[in-house]
Structure formats: C-alpha cells, structure tokens
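These notes are about the structure you will find just below.
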Amino acid sequence: TLMDADAAVIYTTRREFVEAFQPIFAPLYARLCNAAAETVSITYESHGDRGALAPILREGRVREHIVGHTLHGPHKDNLDLQMNGHSVRREASQGQIKTFFIAMKLAQFLYLKNHGERRTPLLLLDDIFDKLDAGRVSCIVDYVSGDDFGQIFITDTNRDHLDSILAATHRDYRLFVVEHGQIRCEPSSTPHDETQKD
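Letter by letter, the sequence shown follows residues 358 to 555 in our numbering.
Set out below in structure tokens:
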C-alpha cells in the first residue's frame, strides 16, 4: 500500500538519523555533566522493527475500527531515552533530565552544522540554566564558548545569574535588558581586546 511504502521511507530515514546522532550526543552529554559514570543512549523504537506495515495494518483493522484511530504506523514511533540503562523520564533527577535535553539540542546543532548546507546555525539558550548546579552550568557555558559555535543568544530572568554566566564565557558579548516593555542595550564587553593590550 501507499502508506506502507511511505512508512518504510520514514522508518529508514529516522533509523539512519538516530544512528548518526547517537555518536555525537553521548560524548557531548558526558562532557557537559563531567560525569563518566552517567552513560546515556537514544534508541529508536518503531513498527518498522517488526517488518512491513501492510500485514500489521490488516491484522489490526478490526481493533482500529473499534477504537476509532490507527494503532500502527510511523506516527506511533518513539525514542527510548536512557541513562545508565534506566528511563530518563522515570529515574533521572531534574538536573540530569535538563542536561540530557540540552545535550540533545547541542548535538542537533552540531549535526545540522556538519550536514546538508554545512552552515553554522544560530544558538538560542532560553532560560535553560534553572535547576542546573553550578558545575553543569560552567561546563555548558565553557562548551558553547568554543569554536564550534558562532552567534549565541542567552536569555535569563536572573540578572546576577546571567552576569556570572557571561563572565565565564571570556568572549565578546552585548547585553540587552528588557524592563517595563523597554529594551536597553548596555555597553559591550570585549575581553579579547583587553588581553591584546598586554
């Protein structure tokens, strides 16, 4: 059937992506949390593992009519996210969960940068540092300050917190403050210029 053919293409494409993504993601997570004891994995779970979709649809047709929706197909696929062999959603702490998904986003950034048009995307870190301990924040900021990343936008509602984050980057930055509906640009920081004066 047409759905079977399309499902096979989706399954193959997703499987290939996860296989390419996992080697980027796992070491990146280890670097961000600085904890070699935490091993992470992403596994693609799909009906495609059971073979062609057409016979599965035929077998489940009666039940699908009863429940009123399809029970099989690529729309029912899932990602199994694990840490140390356990479900991230059920077993990990809030900080571990947040680090896991930040690592996924940064790995996605690197994947996009190195595939397709090979352009460096913009990176937006939108109020992501809540629930993270100082060590994890430091590792994340240190990592995104590296040469792999281009222009970065960081937002935070805690000014003191943001100042400490920016100070740790040792990179040029411009700070915009939004207050009472007004946007104010503060003086630029150019730490690189200061080092060049010595």
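Cβ coordinates follow ideal geometry from the N, Cα and C atoms, glycine included.
For secondary structure counted as the beta strand (DSSP E) over 3 or more consecutive residues, the segment 394-464 holds these complete runs in sequence order: 397-402 and 435-440. Bounds of any beta strand (DSSP E) do not take in Thr526; it lies within the alpha helix (DSSP H) bounded by Arg516 to Thr526.
As summarised for the segment 463-519, the continuous beta strand (DSSP E) elements at least 3 residues long and confined to that stretch are 480-483 and 509-512, given in chain order. Check the Cα spacing between Asp406 and each of Gln451, Pro431 and Pro384: the tightest is with Pro431. The C-beta distance from Val498 to Thr456 rounds to 13 angstroms, too long to meet the 8 angstroms contact threshold. Distances from the alpha-carbon of Gly492 to those of Thr370, Gln439, Gly452 and Ser444 put Gly452 closest.
With fewer than 16 other Cβ atoms inside 10 Å of its own Cβ, Cys542 counts as exposed. Annotated as proximal: Phe506 and Leu480, with beta-carbon spacing under 8 angstroms. DSSP places Arg372 in the helix class (H, G or I) of the three-state scheme. Glu536 is bridged by DSSP to Gln539. The bridge partners DSSP lists for Tyr386 come to none. With respect to the 8 angstroms criterion, Leu389 and Ala464 are not classified as neighbours on the basis of their beta carbons. In its chain, beyond the 5 residues on either side, Ile540, Arg541, Cys542 and Glu543 have a beta carbon closer than 8 angstroms to the beta carbon of Phe533. Nearest C-alpha to Phe374 among Asp517, Leu469 and Ile522: Leu469. Ile423 counts as exposed, since fewer than 16 other C-beta atoms from the protein chains shown sit within 10 angstroms of its C-beta.
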